[in-house]
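Undergrad: Pasting in a structure now, in structure tokens, and then I'll have a few things to ask.
Structure follows, in structure tokens:
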């Protein structure tokens with residue numbers, strides 16, 4: 009049973025923290041981070057682009073871990089947790105793809121290339137769209153939870169393979185963290201100010217993810233309780 | 133181990149017998165596969181040179197499409213005639229049902245490949261057969277069928293039934309398809325052997341990984 013009367017204080021606090029974090033990170037991106045030499049201001053898309061991608065990936069990871077937990081325990085709580093991860097992951101990953109396209113247009117001179125990260129992000133969106141279609145095709149909540157959990161695991165298993173296979177196939181995406189190939193168009197080294205901005209954006213999006221996730225999970229729990237109460241009422245009236 | 137293999141072959145045999153009497157799956161797959169090849173040839177109006185270059189891609193896409201027919205049907209059969217309930221009553225490991233179904237689907241797809249590949253060669257006046265290509269076809273179709281059998285047992289339990297299988301299956305098999313197409317292309321047109329080795333490794337890795345996933349998850353899908 010959860011408290012329906014009002015949103016918990018700690019969640020409101022998290023909301024506030026996410027809002028302040030985003031405003032702060034945005035301020036850093038606009039006013040603090042230096043202009044990159046060759047790409048200029050469009051390079052600033054990078055901070056929120058990577059942060060959204062990271063938080064989206066986190067959503068899919070959480071969805072997979074909670075799907076495994078559901079298959080182990082059979083508890084519907086984990087199913088709600090898994091669905092929340094997928095939905096938020098999809099929105100953030102879409103933001104990542106769109107912001108990446110906006111950056112790629114001037115830098116790579118194209119909206120889209122079939123690079124491993126772009127392609128994997130797109131295929132992940134397809135997999136999780138299929139996940140949502142799968143859920144809408146089953147009425148019984150226990151059955152839906154179980155089959156959705158199975159598909160979440162199967163879908164996520166193929167993600168690293170997809171990435172690897174397309175990486176072998178071709179790559180022109182700049183690698184900012186880890187070993188950078190300076191020959192790739194659009195790669196750059198981060199200065200100290202860029203790093204501060206970058207990690208602030210990552211932190212802000214992580215808090216945003218936590219707040220959204222909590223809200224979505226709570227919503228799912230409340231929905232479940234309403235369904236249960238309605239079923240109980242129908243039983244009584246019969 | 134022995135009763136397990138017995139159970140796998142019993143299910144395999146049962147499906148073959150049903151197919152022998154109805155003859156609905158294999159015939160449909162073959163006609164469909166040939167139609168898809170025709171559509172490819174016409175819609176791209178391929179030159180002789182291009183036909184050779186596109187061969188691997190055309191053949192793998194055709195096999196994927198044709199495979200989804202048998203994947204849907206072999207599972208749908210059980211659902212239609214309430215065969216699943218009887219299968220579940222049998223005192224055998226549930227995984228045997230998975231491998232039995234996968235085996236029969238694999239056989240259908242291999243038969244389809246055995247006809248599609250020579251027909252494509254004949255139409256386009258180019259030779260596609262080699263032992264290497266045969267190996268890639270075996271590995272690639274195996275991985276496709278292992279994933280497909282798992283997901284088709286899931287898809288038939290949905291309201292929309294067979295409609296959703298391609299949507300669920302195709303994004304998951306993309307790494308397999310890419311590896312199969314690249315490996316076949318290298319074998320048909322030459323290319324670096326180290327790259328070929330990488331793709332074969334990818335195919336084998338995919339097969340191993342998804343047979344493990346199938347074994348772990350299949351009984352979660354079908355338990356009532």
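Chains as they are written, first to last, in the working numbering: chain A, 9 to 246; chain B, 133 to 356.
Where a beta carbon is used, it is the ideal one built from N, C-alpha and C, also for glycine.
For clarity, every value in this text was computed on a predicted model and none was experimentally measured.
If you measure between the beta carbons of residue 155 (chain A) and residue 286 (chain B), is that distance less than 8 Å?
TA: Here residue 155 (chain A) refers to the residue found at position 147 when the first chain is read from its first residue. Here residue 286 (chain B) refers to the residue found at position 154 when the second chain is read from its first residue. A contact, by the Cβ cut-off of 8 Å.
Undergrad: Would you identify the three-state DSSP class for residue 242 (chain A), choosing helix, strand or coil?
TA: Here residue 242 (chain A) is taken as the residue at index 234 of the first chain, counted from 1. In this structure, residue 242 (chain A) counts as helix in the three-state DSSP scheme.
Undergrad: Using CA coordinates, which residue listed in A:52, A:58, A:143 and A:51 is at the minimum distance from residue 88 (chain A)?
TA: Along the first chain, one-based indexing puts residue 88 (chain A) at 80. It is A:143 whose Cα lies nearest to the Cα of residue 88 (chain A).
Undergrad: From what residue to what residue does the alpha helix (DSSP H) around residue 141 (chain B) run?
TA: Residue numbering aside, residue 141 (chain B) sits at position 9 when the second chain is read from its first letter. Note, residue 141 (chain B): alpha helix (DSSP H), 134-154.
Undergrad: Just verifying my parser: in three-state terms, what is the DSSP assignment at residue 97 (chain A)?
TA: Indexing the first chain from 1 puts residue 97 (chain A) at position 89. In the structure shown, residue 97 (chain A) sits in a helix (DSSP, three-state: H, G or I).
Undergrad: Which residue or residues does DSSP assign as beta-bridge partners of residue 133 (chain A)?
TA: Locating residue 133 (chain A) in the first chain gives position 125, where the first residue counts as 1. None; residue 133 (chain A) has no bridge partner.
Undergrad: Given residue 344 (chain B), which residues of its chain have a CB within under 7 Å of its CB, disregarding the five upstream and five downstream residues?
TA: In the second chain, counting from the first residue as 1, residue 344 (chain B) sits at position 212. There are no such residues.
Undergrad: From residue 289 (chain B) to residue 109 (chain A), what does the alpha carbon distance come to, in whole angstroms?
TA: For the purposes of this step, residue 289 (chain B) is taken as the residue at position 157 of the second chain. For the purposes of this step, residue 109 (chain A) is taken as the residue at position 101 of the first chain. Taking the straight line joining both Cα atoms gives about 38 Å.
Undergrad: Tell me residue 48 (chain A)'s beta-bridge partners as DSSP assigns them.
TA: Reading the first chain from its first residue, position 40 is the one you call residue 48 (chain A). BP columns for residue 48 (chain A) point to A:44.
Undergrad: Pull up the distance between the alpha-carbon of residue 319 (chain B) and that of residue 217 (chain A), whole angstroms please.
TA: Position 187 of the second chain, counting from 1, holds the residue named residue 319 (chain B). Position 209 of the first chain, counting from 1, holds the residue named residue 217 (chain A). When rounded, the distance between both Cα atoms is 47 Å.
Undergrad: Name, please, each residue of chain B whose Cβ falls closer than 7 Å to the Cβ of residue 79 (chain A).
TA: In the first chain, the residue the question calls residue 79 (chain A) occupies position 71. Correct list: 352.
Undergrad: Between the C-alpha atoms of residue 86 (chain A) and residue 244 (chain B), what's the straight-line distance to the nearest angstrom?
TA: Position 78 of the first chain holds residue 86 (chain A). Position 112 of the second chain holds residue 244 (chain B). Cα to Cα, the separation comes out at about 42 Å.
Undergrad: Under the three-state reduction of DSSP, which class applies to residue 174 (chain A): helix, strand or coil?
TA: For the purposes of this step, residue 174 (chain A) is taken as residue 166 along the first chain, with counting starting at 1. DSSP places residue 174 (chain A) in helix when its eight states are reduced to three.
Undergrad: For chain A, find out if any of its Cβ atoms is closer than 8 Å to the Cβ of residue 334 (chain B); answer yes or no.
TA: On the second chain, residue 334 (chain B) is found 202 positions in, with the first residue counted as 1. Yes, residue 334 (chain B) lies at the interface with chain A (some Cβ there is under 8 Å from its Cβ).
Undergrad: Kindly confirm or deny that the segment 324-341 of chain B and the segment 190-202 of chain B touch, where touching means at least three C-beta pairs closer than 8 Å.
TA: no
Undergrad: When you compare only the Cα positions, how much space is there between residue 56 (chain A) and residue 32 (chain A)?
TA: Sequence index remark: in the first chain, residue 56 (chain A) carries index 48 (1-based). Sequence index remark: in the first chain, residue 32 (chain A) carries index 24 (1-based). Rounded to the nearest whole angstrom, the CA to CA distance from residue 56 (chain A) to residue 32 (chain A) is 12 Å.
Undergrad: Going along chain B, which residues have a C-beta under 9 Å from residue 174 (chain A)?
TA: Working through the first chain from its first residue, we reach residue 174 (chain A) at position 166. Near residue 174 (chain A) (Cβ distances below 9 Å), the residues of chain B are 306, 307 and 310.
Undergrad: How is residue 202 (chain B) classed by DSSP in three states: helix, strand or coil?
TA: In the second chain, the residue the question calls residue 202 (chain B) occupies position 70. In this structure, residue 202 (chain B) counts as helix in the three-state DSSP scheme.
Undergrad: What residue range does the alpha helix (DSSP H) around residue 224 (chain B) cover?
TA: The residue given as residue 224 (chain B) occupies position 92 in the second chain. Bounds of any alpha helix (DSSP H) do not take in residue 224 (chain B), whose DSSP letter is neither H nor E.
Undergrad: How long is the line joining the alpha carbons of residue 167 (chain A) and residue 183 (chain B), rounded to whole angstroms?
TA: To locate residue 167 (chain A), count along the first chain from 1; it is residue 159. To locate residue 183 (chain B), count along the second chain from 1; it is residue 51. Roughly 31 Å between the two C-alpha positions.
Undergrad: So with Cβ pairs under 8 Å, would you call residue 177 (chain A) a contact of chain B?
TA: Residue numbering aside, residue 177 (chain A) sits at position 169 when the first chain is read from its first letter. At least one chain B Cβ lies under 8 Å of residue 177 (chain A).
Undergrad: Among B:279, B:294, B:255 and B:152, which residue has its Cα nearest to the Cα of residue 211 (chain B)?
TA: Here residue 211 (chain B) refers to the residue found at position 79 of the second chain. Looking only at B:279, B:294, B:255 and B:152, the smallest Cα-Cα distance to residue 211 (chain B) is reached by B:294.
Undergrad: Taking its Cβ as the centre, do 16 or more other Cβ atoms sit within 10 Å of residue 339 (chain B), making it buried, or is it exposed?
TA: Locating residue 339 (chain B) in the second chain gives position 207, where the first residue counts as 1. Buried: at least 16 other Cβ atoms inside 10 Å.
Undergrad: Is there at least one Cβ from chain B nearer than 8 Å to residue 170 (chain A)'s Cβ?
TA: Within the first chain, numbered from 1, the residue matching residue 170 (chain A) stands at position 162. Closer than 8 Å to some Cβ of chain B, the Cβ of residue 170 (chain A) qualifies, so yes.
Undergrad: Is the segment 210-229 of chain A touching the segment 90-110 of chain A, taking contact as three or more C-beta pairs under 8 Å?
TA: yes
Undergrad: Within 8 Å of any Cβ in chain A, is that where the Cβ of residue 290 (chain B) sits?
TA: By one-based count along the second chain, residue 290 (chain B) stands at place 158. Yes, residue 290 (chain B) counts as interfacial toward chain A.
Undergrad: Measure the alpha-carbon distance for residue 69 (chain A) versus residue 213 (chain A) and round it to whole angstroms.
TA: Counting from 1 along the first chain, the entry for residue 69 (chain A) is found at position 61. Counting from 1 along the first chain, the entry for residue 213 (chain A) is found at position 205. Cα to Cα, residue 69 (chain A) sits roughly 16 Å from residue 213 (chain A).
Undergrad: Compare the Cα-Cα distances from residue 260 (chain B) to each of B:181, B:134, B:141 and B:187 and report the closest residue.
TA: As a working mapping, residue 260 (chain B) is identified with position 128 in the second chain. The residue with the shortest Cα to Cα distance from residue 260 (chain B) is B:187.
Undergrad: Specify whether the segment 229-242 of chain A and the segment 73-80 of chain A touch according to this definition: at least 3 beta carbon pairs, one from each stretch, less than 8 Å apart.
TA: no
Undergrad: Give me, in chain order, the residues of the same chain whose beta-carbon lies closer than 8 Å to that of residue 186 (chain A); leave out the 5 immediate sequence neighbours on both sides.
TA: For the purposes of this step, residue 186 (chain A) is identified with residue 178 of the first chain, where counting begins at 1. Low per-residue confidence applies at residue 186 (chain A): pLDDT is 48, beneath 50, and the placement is therefore not dependable enough to give any value.
Undergrad: In chain order, what residues of the same chain have a beta carbon less than 8 Å from the beta carbon of residue 237 (chain B), not counting five sequence neighbours either side?
TA: Counting from 1 along the second chain, the entry for residue 237 (chain B) is found at position 105. 199, 202, 203, 206, 277, 280 and 281.
Undergrad: Mapping DSSP to helix, strand and coil, what is residue 119 (chain A)?
TA: One-based indexing of the first chain puts residue 119 (chain A) at position 111. Residue 119 (chain A): coil per DSSP, three-state reduction.
Undergrad: Of all the beta strand (DSSP E) runs that stay within the bounds of the segment 133-160 of chain A, which reach a length of 3 or more residues?
TA: Note on the segment 133-160 of chain A: there is no whole beta strand (DSSP E) run with a minimum of 3 residues.
Undergrad: Using a C-beta cutoff of 8 Å, does residue 138 (chain A) count as contacting chain B?
TA: Residue 138 (chain A) sits at position 130 when you count from the first residue of the first chain. Output row for residue 138 (chain A): interface = yes.
Undergrad: Give, in chain order, every unbroken run of the alpha helix (DSSP H) that is at least 4 residues long and sits entirely within the segment 197-232 of chain A.
TA: none
Undergrad: May I ask you to report which of helix, strand or coil DSSP gives residue 327 (chain B)?
TA: On the second chain, residue 327 (chain B) is found 195 positions in, with the first residue counted as 1. Here DSSP, grouped into helix, strand and coil, assigns residue 327 (chain B) to helix.
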